[in-house]
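What follows is a single structure, written as structure tokens, with notes after it.
There are 2 protein chains.
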Amino acid sequence: MLTERQALILKVIIDEFIETAQPIGSRNIAKREDVAFSPATIRNEMADLEDEGFLSKTHSSSGRIPSEKGYRFYVDHMMSPLQLSSDEVRLVQSQFDDRMIEMEKVMQNSAHILSELTQYTTLVLGPEVYETKLKQLQIVPINKQSAIAILVTDTGHVEHRSFAVPSEIDHSDLEKVVNILNEKLVGVPIVYLDRMIESEVIDLINRYTSNFQKSYDLIQKALFNHQTTSLYVSGKSNILMQPEFNDIEKARSLFNVMESEDQIAPILKTNQEGLKISIGHENEMEVMNNCTLITATYTLGENQIGTIALLGPTRMEYAKAVSLLDLWSNHMSQSLYRWFND
Amino acid sequence: MLTERQALILKVIIDEFIETAQPIGSRNIAKREDVAFSPATIRNEMADLEDEGFLSKTHSSSGRIPSEKGYRFYVDHMMSPLQLSSDEVRLVQSQFDDRMIEMEKVMQNSAHILSELTQYTTLVLGPEVYETKLKQLQIVPINKQSAIAILVTDTGHVEHRSFAVPSEIDHSDLEKVVNILNEKLVGVPIVYLDRMIESEVIDLINRYTSNFQKSYDLIQKALFNHQTTSLYVSGKSNILMQPEFNDIEKARSLFNVMESEDQIAPILKTNQEGLKISIGHENEMEVMNNCTLITATYTLGENQIGTIALLGPTRMEYAKAVSLLDLWSNHMSQSLYRWFND
DNA sequence: ATTAGCACTCGTTGAAGGTGAGTGCTAACA
DNA sequence: TGTTAGCACTCACCTTCAACGAGTGCTAAT
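Taken in sequence, the protein lines are chains A and B.
Residue numbers for the first sequence follow my numbering, so the first one is 3 and each next one is one higher.
Residue numbers for the second sequence follow my numbering, so the first one is 3 and each next one is one higher.
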């Protein structure tokens, strides 16, 4: 489809543009050592590349900038997998030591470090809790009127929520119900808790007084109606540093989206394993039309999948971002496997 | 110090400037119904006010804008305590119902609602945990190599941290240590835990095998070396909406600060009860020299004090911000008292 | 097929001039 | 003596214009 020379020129333009954010002219390309043609030749090739849709201009006599199709081709066919510096690799490895053995910490830390390393915004979506199993249920009375319910999963996820305790309910009642629930429910996948309760536990509870029913209702409300999309975002303000967002209006609208979990979480949910790169208008959301989102999935056990993503301008350091994300998600999957699957 | 007429003019200028963010000219002031003087008179008064330092100009023939001293005078002597709309009052009241009975939720929700209501950035600093007391300690084993320690305080604060369990330590050992700790330490203020352990518990533990010592060390590490400044920030991007931050560089540097808990938390820590308003250069931090920070304290019990703050441009809607923050912190203190002090 | 040469395009910069909202000052007025 | 009308002046802002230069496309020579 593209001649070797065209590919070279396209690659040079994209590499340079990623670095400088400025349109690239033929003379500048010709100056490079790895390019042996005159500006005029390059101009001809660039005109062809523009006809094919790989490049575009900011105005009729400006240098060229990559189009989204250009980036797409670059990403699919030309990207040399950047060798990460040994410093970076070591830093990544050092993150997955003994301290990272709790999902919250892993995700928080991942978001933080990756945004530091890339200077892009990092989004980490926790694994769907559906496959995780109940490890323990616990009620801690705080005072006459309130108590805290704590649910621990086998992934080390701790969920807690306080609730009001009506005066007619005694703490000892709650305790008994919790005991029953623990007995029957430990080891049950969170997603089946509801069903399991229906079929096995309800009967048992009904044998006791009506207060038990009320206690159960309380706990049920406190813990099982939880929606737990755990989203961690770090380095939001990095996006401000990109010259693409010198226009404050663009920054504003993107920030509005990033502030809202509801809008971000769905974009990250994916079934496709491995890396996925969405360039510009490939992103459904309009405010992200001048952004690239690279998502990678990590696994926890067999079916649980979480997502980790980098959000930057379309003019992204693809090679570095991809390499880092790949390295990270692999380490993360391995590390999680070590910790939660034996 | 100021004549009545000067005060009126100053107030009008500040009110108008807060609304429009534009320098105010004498003609515009004269047009207002509550001002009965000619532009020339007003100009004379404005010149005097400028000499006194209450006003300044953006250039030699521009209208006046309030100086920091002007805002200070306004805040100290002239601010009419805005009657909040009944909608707003109702909204605030409705926030402190049965669902708000857990510190994390209270703070998170406070930050969120206040930033929505004011369109400024809201910062909430949790109460120092020093006075809170241990309610319960709990260890939940996750697998052979890891366990989660959970600490619940009498304020409903849940702290959890996972830790690696060396192979030579048995879970039953951990359990026994936890039992001992619970027996001795429930009800002890968090800040005294260390001392209490030294004096009372250590002996007890030393009577048992050395494994107990190791178990204890583990738990100690996992739970008691926690630094728990709980800071919640909401509406960071609101600051972008203010025309003061159309200059993207200013926005960038302020964002950098807001992203870092370490820099924000100290500013909020205060002993002074009640409201405090820091205008412009009254803020120590340089990036906040064109901002106003209004902090209010709330109490939980006798000595525990937390802070809730609004951060906006110096051209802030002081009356509204102050009224809201006051209303909120009072409700919050009352609500917390109801929940955690009986 | 490649490239040198050249006319052309268009964004950027800076200077010049006009406009208008604002001021300070002076002199007239109540 | 305090207030106000009048007027000259200032300065940010906008528009226009010309010069500049980095870049292009096209043509003709190599």
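Virtual Cβ for every residue (Gly too), placed ideally from N, Cα, C.
For clarity, every value in this text was computed on a predicted model and none was experimentally measured.
Open item on the list: Going by DSSP in three states, residue 19 of chain B sits in which element: helix, strand or coil?
Closed with: In the second sequence, the residue the question calls residue 19 of chain B occupies position 17. Helix at residue 19 of chain B.
- [ ] Report the partner residues of residue 302 of chain A according to the DSSP bridge assignment.
- [x] For the purposes of this step, residue 302 of chain A is taken as residue 300 along the first sequence, with counting starting at 1. A:306.
Open item on the list: Please state the DSSP three-state secondary structure of residue 138 of chain A.
Closed with: Mapped onto the first sequence, residue 138 of chain A falls at position 136. Strand.
TODO: Throw me the rounded Cβ distance for the residue 311 of chain A and residue 297 of chain A pair, which I believe falls under 8 Å.
DONE: For this step, residue 311 of chain A is matched to residue 309 along the first sequence. For this step, residue 297 of chain A is matched to residue 295 along the first sequence. Sure, about 4 Å apart at Cβ, within 8 Å.
Open item on the list: Applying the 10 Å Cβ sphere with the 16-neighbour rule, what's the burial state of residue 17 of chain A?
Closed with: Here residue 17 of chain A refers to the residue found at position 15 when the first sequence is read from its first residue. Residue 17 of chain A should be labelled buried.
Task: residue 39 of chain A versus residue 32 of chain A: straight-line alpha-carbon distance, rounded - done: Indexing the first sequence from 1 puts residue 39 of chain A at position 37. Indexing the first sequence from 1 puts residue 32 of chain A at position 30. So the two alpha carbons sit approximately 6 Å from each other.
- [ ] Could you name the residues of chain B that residue 156 of chain A contacts, counting a contact when the two beta carbons are closer than 9 Å?
- [x] For this step, residue 156 of chain A is matched to residue 154 along the first sequence. 144 and 145, listed in chain order.
TODO: Report yes or no: do three or more beta-carbon pairs, one from the segment 277 to 285 of chain B and one from the segment 136 to 155 of chain B, lie closer than 8 Å?
DONE: no
Open item on the list: Is the separation between the beta-carbon of residue 233 of chain B and that of residue 263 of chain B shorter than 8 Å?
Closed with: For the purposes of this step, residue 233 of chain B is taken as residue 231 along the second sequence, with counting starting at 1. For the purposes of this step, residue 263 of chain B is taken as residue 261 along the second sequence, with counting starting at 1. Going by C-beta atoms, residue 233 of chain B is nearer than 8 Å to residue 263 of chain B.
- [ ] Using 10 angstroms around the beta-carbon of residue 64 of chain A, count the other beta-carbons present and answer buried if the total reaches 16, otherwise exposed.
- [x] In the first sequence, residue 64 of chain A corresponds to position 62, counting from 1. Burial call: exposed.
Task: is_contact[residue 248 of chain A, chain B] using C-beta, thresh 8 Å - done: Translated into positions along the first sequence, residue 248 of chain A becomes position 246. Yes, its Cβ sits closer than 8 Å to a Cβ of chain B.
TODO: Assign residue 316 of chain B to buried or exposed, taking buried as 16 or more other Cβ atoms, counted over all protein chains shown, within 10 Å of its Cβ.
DONE: As a position in the second sequence, residue 316 of chain B is number 314, starting the count at 1. Counting Cβ neighbours within 10 Å, residue 316 of chain B comes out buried, since at least 16 surround it.
- [ ] Specify whether the segment 150 to 162 of chain A and the segment 144 to 160 of chain B touch according to this definition: at least 3 beta carbon pairs, one from each stretch, less than 8 Å apart.
- [x] yes
Task: Contact check, residue 245 of chain A vs residue 42 of chain A, beta carbons under 8 Å - done: Taking the first residue of the first sequence as 1, we reach residue 245 of chain A at position 243. Taking the first residue of the first sequence as 1, we reach residue 42 of chain A at position 40. In this structure, residue 42 of chain A does not lie closer than 8 Å to residue 245 of chain A by Cβ.
Task: As assigned by DSSP and simplified to three states, the class of residue 55 of chain A - done: By 1-based counting over the first sequence, the position of residue 55 of chain A is 53. Reduced to three states, the DSSP call for residue 55 of chain A is coil.
- [ ] Anything in the segment 251 to 268 of chain A with a Cβ closer than 7 Å to a Cβ of chain B? List those residues in chain order, please.
- [x] 253, 254, 257, 258 and 261
Task: Contacts of residue 137 of chain B in chain A (Cβ-Cβ under 7 Å) - done: Along the second sequence, read from residue 1 onward, the residue named residue 137 of chain B stands at position 135. Residues of chain A passing the Cβ test: 142 and 144.
TODO: Just grab the DSSP bridge partners of residue 236 of chain B for me.
DONE: To locate residue 236 of chain B, count along the second sequence from 1; it is residue 234. According to DSSP, residue 236 of chain B bridges with B:124.
- [ ] Kindly list the residues whose CB is nearer than 8 Å to the CB of residue 29 of chain A, restricted to its own chain and excluding five residues on each side of it in sequence; keep chain order.
- [x] Numbered from its first residue, the first sequence carries residue 29 of chain A at position 27. If we look at residue 29 of chain A and ignore the five residues flanking it on each side, its Cβ neighbours are 41.
Task: Enclosing alpha helix (DSSP H) for residue 146 of chain A [first to last residue] - done: Residue 146 of chain A sits at position 144 when you count from the first residue of the first sequence. No alpha helix (DSSP H) holds residue 146 of chain A; DSSP gives it neither H nor E.
Task: Beta-carbon neighbours of residue 162 of chain A, restricted to chain B and to distances below 7 Å - done: Position 160 of the first sequence, counted from the start, is the residue given in the question as residue 162 of chain A. Under the 7 Å cutoff, chain B gives 160.
Task: Option in A:20, A:149, A:111 and A:198 with minimal Cα separation from residue 96 of chain A - done: Against the first sequence, residue 96 of chain A aligns to sequence position 94. Per the Cα distances, A:111.
Task: Contacts that residue 183 of chain A makes with chain B (C-beta to C-beta distance below 7 Å) - done: Mapped onto the first sequence, residue 183 of chain A falls at position 181. In chain order: nothing, as chain B lies at least about 15 Å away.
- [ ] Please compile the residues from chain B whose C-beta is within a distance smaller than 7 Å of the C-beta of residue 152 of chain A.
- [x] Looking up residue 152 of chain A in the first sequence gives position 150. What residue 152 of chain A touches in chain B: 152 and 160.
TODO: Tell me whether the beta-carbon of residue 117 of chain B lies closer than 8 Å to the beta-carbon of residue 258 of chain B.
DONE: Taking the second sequence and counting its residues from 1, one reaches residue 117 of chain B at position 115. Taking the second sequence and counting its residues from 1, one reaches residue 258 of chain B at position 256. No, Cβ-Cβ distance for residue 117 of chain B and residue 258 of chain B is not below 8 Å.
Task: Span of the alpha helix (DSSP H) around residue 271 of chain B - done: Counting from 1 along the second sequence, the entry for residue 271 of chain B is found at position 269. Element bounds for residue 271 of chain B: n/a, residue is neither H nor E.
- [ ] With DSSP as the reference, please indicate the residues paired to residue 162 of chain B in a beta bridge.
- [x] Indexing the second sequence from 1 puts residue 162 of chain B at position 160. For residue 162 of chain B, which the question treats as bridged, DSSP gives the partners B:152.
- [ ] Within its chain, find whatever has a CB closer than 8 Å to the CB of residue 166 of chain B; leave out the 5 residues flanking it on each side and keep chain order.
- [x] Against the second sequence, residue 166 of chain B aligns to sequence position 164. Excluding residues within five positions, the ones whose Cβ falls inside 8 Å are 147 and 148.
Task: Straight-line Cα distance separating residue 261 of chain B from residue 186 of chain B - done: Within the second sequence, the letter at position 184 stands for residue 186 of chain B. Within the second sequence, the letter at position 259 stands for residue 261 of chain B. Each residue's Cα considered, the two are about 40 Å apart.
Task: Contact between the segment 82 to 94 of chain A and the segment 321 to 337 of chain A (3+ Cβ pairs under 8 Å) - done: yes
Open item on the list: So for residue 317 of chain A, helix, strand or coil by DSSP?
Closed with: Translated into positions along the first sequence, residue 317 of chain A becomes position 315. Correct three-state label for residue 317 of chain A: coil.
Open item on the list: Judging by CA-CA distance, which residue of B:191, B:222 and B:78 is the nearest neighbour of residue 141 of chain B?
Closed with: The sequence position of residue 141 of chain B within the second sequence is 139, counting from 1. The candidate whose alpha carbon is nearest that of residue 141 of chain B is B:222.
Task: CA nearest to the CA of residue 107 of chain B, picked from B:126, B:119 and B:292 - done: For the purposes of this step, residue 107 of chain B is taken as residue 105 along the second sequence, with counting starting at 1. Checking every option, the nearest Cα to that of residue 107 of chain B belongs to B:126.
TODO: For residue 165 of chain B, verify whether its CB is less than 7 Å away from any heavy atom of the ligand ADP.
DONE: What this structure holds is no ligand at all, so the ligand ADP is not there to describe.
Open item on the list: So, for residue 60 of chain B: in the same chain, excluding its five sequence neighbours on each side, which residues have a beta-carbon less than 8 Å away from its beta-carbon?
Closed with: The residue you call residue 60 of chain B lines up with position 58 of the second sequence. Answer for residue 60 of chain B: 25 and 67, listed in chain order.
Open item on the list: Tell me which residues share the same chain as residue 338 of chain A and place their Cβ nearer than 6 Å to its Cβ, disregarding the 5 neighbours each side in the sequence.
Closed with: Numbered from its first residue, the first sequence carries residue 338 of chain A at position 336. 302, listed in sequence order.
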